[in-house]
Structures are given as structure tokens and as C-alpha cells.
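Just remember that our numbering sits 191 ahead of the position in the sequence shown, which is counted from 1.
Where a beta carbon is used, it is the ideal one built from N, C-alpha and C, also for glycine.
What follows is a set of notes on a single structure, which appears directly below.
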Amino acid sequence: MSAAAAAPLGLLAELTHRCPLACPYCSNPLDLAARDSELSAAIWARVFHEAAALGVLQLHLSGGEPGARRDLAEITAAAHDPGLYSNLITSAIGFTRARLVGLRAAGLDHVQISIQDTEADPADRIAGYAGAHVHKLAIARIAVELGLALTINVVLHRANVARLRELVALAVELGAGRVELAHAQYYGWALRNRAALMPTRAQVDLATQHLAEMRARYAGRVAIDAVVPDYYAQRPKPCMGGWGRRSLNVTPSGRVLPCHAAETIPGLAFWSVRERSLAEIWTRSPGFLAFRGTDWMREPCRSCERREIDFGGCRCQALLLADDAAAADPACALSPRHDAMLALAAAATVADDRAYVYRARAPGAATSAPHAAAALEPFAP
Ligand code: SF4
Ligand code: SF4
């Protein structure tokens, strides 16, 4: 398969890395973007028009916490203007009914709210924010009342995976049309917390049974998407649907990436929307061309019948666990590093599952907080 670029379908706009929460599984980079490096609303508006012209249909307004941007309504309106379907990916902190009403008026189509657990105590402990859980549930209900489509997202890890069924039931009770159950992906802060987050094999097997049970119970009522845990997989997931094949990420400062962790691969040049158009970046930037298609593959991927199904899995994970970004993802049982990955997972699960290093809330902020002292100053966008 050649490296020619088809049109992308989705764009993830990371409006900021600032966030009031401190989730240890956060996939944001350890080196968070500074507030004064963030793109202005005017540049985002230009990017959204270029994205629509390029063929993008869905825009995800993400972060960090996008609600940390005071100009979020202006940015949302700029997404609506060229006809993009807009999805706000949020922790719900910093939102009120009035603010959601304003976003809906600006053209917001969909809200995706993350919840951490079924009860406030464990949920707030891992979020690092007292009162977060109750507020999230209230905002989710308001979003549904306002007629916004709602997805509930849950990152699964060792401390909450046993409650998968209860988490789905809570999402249904809130009025979600879709539930995303995503096992933690070990990049950024999550990688730093891998030992504390990694579920056991027995937990993953039970969760797989519970997932099937919930899909059967709620068939036709709610869509349940699941991201399997790489470390216990036999074949990798088609990371981002293939590198530079369907979607792009724009970082808070404007660099355009094939996936949010791509900058962990040294030696790749990622161009910025500050200097170039999105179309030029999508079709010509070295970072996108590096692993687009299948021409870059080595064995065992090169001759594998699944090479255009999973595209060799995740390049960032291949670098991390096989020391080679062009290797087969070690999540694949055909990778020579697969057994080492399994051993790593098994070794990780003996660590204390609450010994988290909390994500910094902004560049330069403290990175660690004791569980008992999770209360923070109020969040003011
Ligand atoms: S800290 Fe939590 S809520 Fe904030 S961006 Fe990271 S995962 Fe999302
Ligand atoms: S060998 Fe490569 S292409 Fe084949 S299944 Fe494994 S990762 Fe996918």
C-alpha cells in the first residue's frame, strides 16, 4: 500500500493542556504545553475551515480540559461555521448549565464526559479532585436535558475494572447514547503510573465477560465501545486506524500529529499550523509520511495478511517496548518482544494500586499528591 493520503475524517483539537483534574492515567505528555503557547481562537477558526475543506467531518474539542479556555464558545462557533460535527471531550469541571446552554447555542453537537468510578470516594481519589464525581453526574444530566448527545467515557484500570457492569449501568441511567470503556493506554502520565494501573490477567478476563453481558443487556439502547488492554492482547489494535490515514491531532501549540503520543518518537519532524496549511501538513509533512501506508514495514508485518487491518499496531508502543518505531507492535503475538510485554504486565501488577503519581495540572505544577489531600482550589476557567 502506497503512502498516498486519503482524506482524514476526524480532527482532535487539543485546545490546552491545562486541567483541574490530575488523573494518573492521563495520556497528555509529561512536558505540558504552556498557556502562552496555546493557539488563539482565530488560528483555530482557520484550522477548522481548512479541516472541513480537507474532508474532516468530526471535530473533537479536547485537552487537557477544553473548559479551561475562556473562549471556548467562540472556538465552538468557529467549528460550527464550516459544518463540522463538534464533540466536546470534557471532565465537566468548570461547566454550568448556563455555560452548556451557551455552547449549544454556539453549535455544539455532542458532549463526552469522563467518569472515574461509580462512587464519589474512589472516583475523586483517582481524579485528584474532591467533589468532581457529583459535579460530573449533574453536568451529564444537564447535557441530556439540553438535547446534546452524550457519551460517557471510562478509563479502566486495576482499581475500577471490577465495576465495569455498574459503570455501564450508571452511564445508561445518565442518558448516554454511547459508552466508551477504554483500558488505560500506557503513554505520557499513564506510562509513569503503569505499575499502579495495570490490571491482572484475571481481572481482564472477567471484564471481557462483563462487557459481553452488558452488550447483550443493553443491545439497541446504548452503544458500548471498548478498547482492549494491549498488554494482554494477541493482536494489536489498528492504532488511530493507521498512521496518518484517518485522523489528525493538533497540539495546544499547533503541531500536527498522527496520534497524541507521536512526539515520543525521536527524529520525526511535525509541522505546525502556525506556519503551514493543514492540507500541506497532511499530505507532505515528514512526520505523517514516516509510517503512512505499509511501505515502511519490516517482517513479520511486511508479509502479514493483517498488515492493512492493524497497520502493525502502535508505532509509539513499538518504540517503547521494542526500541524500534518500525517494529511490529509487541502487543502482537508474532512480535519477538511479545513475551517480554506479557512479563512486564505480570510484574507490574504486584505494585501498590494506589501509589499514583498524579498528573500536573499545568506546566511546572506539582506532580504528586497524597490521596487524602485531593481537595483543590476551585477551578476558574
Ligand atoms: S487529567 Fe484527567 S481529565 Fe484532565 S486531561 Fe488528563 S485524563 Fe483528562
Ligand atoms: S505481524 Fe504486524 S501486521 Fe501482522 S498481526 Fe502482527 S502487528 Fe499486525
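Limits of the beta strand (DSSP E) - the one that His374 falls within: Arg369 to His374
Bounding residues of the beta strand (DSSP E) (the contiguous stretch that carries Val363): Not the beta strand (DSSP E): Val363 falls in the alpha helix (DSSP H), residues Leu355 to Leu365.
Distance cut-off 7 Å: Val550 Cβ against heavy atoms of ligand 1: In the sequence as presented, Val is not what sits at residue 550; that position holds Arg. Checking the Cβ of Arg550 against ligand 1 gives yes.
Which listed residue (Ala334, Gly285 and Ile284) has its alpha carbon closest to that of Asp300: Ala334
N- and C-terminal bounds of the beta strand (DSSP E) containing Glu205: Gly201 to Glu205
Nonlocal neighbours in the same chain, by C-beta distance under 7 Å from Asp262, ignoring five residues either side: Ala232
Beta carbon of Cys507 nearer than 8 Å to that of Thr455: yes
Ala213 beta carbon less than 8 Å from that of Ala318: yes
heavy atom of ligand 1 below 7 Å from Glu490 C-beta: no
Among Arg288, Glu357 and Val363, the one whose alpha carbon lies nearest that of His326: Arg288
beta-carbon Leu212 near ligand 1 non-hydrogen atom, thresh 7 Å: yes
Asp501: CB within 7 Å of a non-hydrogen atom of ligand 2: yes
Asp514, DSSP secondary structure in three states: coil
Range of the contiguous alpha helix (DSSP H) that encloses Leu347: Careful: Leu347 lies outside any alpha helix (DSSP H), inside the beta strand (DSSP E) at Ala340 to Leu347.
Which of helix, strand or coil DSSP assigns to Thr455: helix
Among Ala244, Ala204 and Thr391, nearest to Glu229 - alpha-carbon criterion: Ala204
Nearest residue (CA-CA) to Arg260, options Glu241, Ile234, Asp515 and Thr207: Thr207
Cβ pair Ala225, Ala268 closer than 8 Å: no
Residue environment, Ile376, which counts as buried when at least 16 other CB atoms sit within 10 Å: Checking the sequence, you will find Gln at residue 376 rather than Ile. Buried, since its Cβ has 16 or more Cβ neighbours within 10 Å.
Euclidean distance between Cα positions of Arg295 and Arg436: 31 Å
Residue range of the unbroken beta strand (DSSP E) whose run includes Asp520: Neither: Asp520 is in no beta strand (DSSP E) and is coded neither H nor E.
Per-residue DSSP class, three states only, for Leu279: strand
Among Ile234, Asp222 and Gly478, the one whose alpha carbon lies nearest that of Ile266: Ile234
Limits of the alpha helix (DSSP H) - the one that Leu397 falls within: Arg392 to Arg408
DSSP three-state assignment for Asp300, whether helix, strand or coil: coil
Burial state of Glu256 (16 or more Cβ within 10 Å): buried
Close Cβ partners of Pro569 (< 7 Å) along its chain, the five nearest in sequence each way excluded: With a pLDDT of 41 at Pro569, under the threshold of 50, the predicted position of this residue should be treated as unreliable, and no value is reported.
Alpha carbon of Leu567 to alpha carbon of Gly484, nearest angstrom: Below a pLDDT of 50, predicted positions are generally treated as unreliable, and Leu567, at 40, falls in that range; the measurement from the model is reported next regardless. Taking the straight line from one Cα to the other gives about 46 Å.
At least three beta-carbon pairs within less than 8 Å, the segment 400-417 to the segment 459-469: no
Within 8 Å, strictly: CB atoms of Ala198 and Leu275: no
Environment of Ala564 [buried if 16+ CB atoms lie within 10 Å]: Reliability fails at Ala564, whose pLDDT of 34 lies under 50, so the model's placement of it is uncertain and the value that follows must be treated cautiously. By the 10 Å Cβ count, Ala564 comes out exposed.
Cβ pair count under 8 Å reaching 3, the segment 359-370 against the segment 524-536: no
Same chain only: Cβ atoms within 7 Å of Thr399, ignoring 5 sequence neighbours per side: none
Coarse secondary structure for Ala289, derived from DSSP in three states: helix
Between the CA atoms of Arg489 and Asp222 - distance to the nearest angstrom: 31 Å
Proximal residues to Ala424 (C-beta, below 6 Å), its chain only, five neighbours per side dropped: Ala522
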